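Quick notes on the structure that follows.
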Amino acid sequence: MFTQGPPARSHSEIASSSGENIGEVTSGGFSPCLKKNIAIGYVKSGMHKAGTEFKVVVRGKSYDAAVTKMPFVPTKYYKPS
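The sequence shown begins at 1 in full-length UniProt numbering and counts up by one.
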């Protein structure tokens, strides 16, 4: 997921727009390649589709976040034919 505000760290709460707890961040930080905050975590079933928006609670404040597909940075691995 991509997050706004400070980086979401391990055990940060993931909440729906209405404030309901829907998951937890397992790891997160700033991505120098993407120049934005990224995080990985678990969310309730049905909230995992790319583009789904919710809130991440960091130090008691809510910040916008959205699900994105992984990998965050596209790869160009060599695939032999």
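Even glycine gets a Cβ: it sits at the ideal position worked out from N, Cα and C. Only a predicted model underlies this, so the values are computations on that prediction, with no experimental measurement involved.
Legend entry - Coarse secondary structure for G5, derived from DSSP in three states: coil
Inset, instruction - Please indicate yes or no: does the CB of K79 lie closer than 7 Å to some heavy atom of the ligand FMN? - result: Ligands displayed in this structure: none; no statement on the ligand FMN is therefore possible.
Legend entry - For E20, the three-state DSSP class (helix, strand or coil): coil
Inset, instruction - Return yes when the Cβ of G51 is within less than 8 Å of the Cβ of V67, no when it is not. - result: yes
Inset, instruction - Taking all protein chains shown into account, decide if M70 is buried (16 or more other Cβ within 10 angstroms of its Cβ) or exposed. - result: exposed
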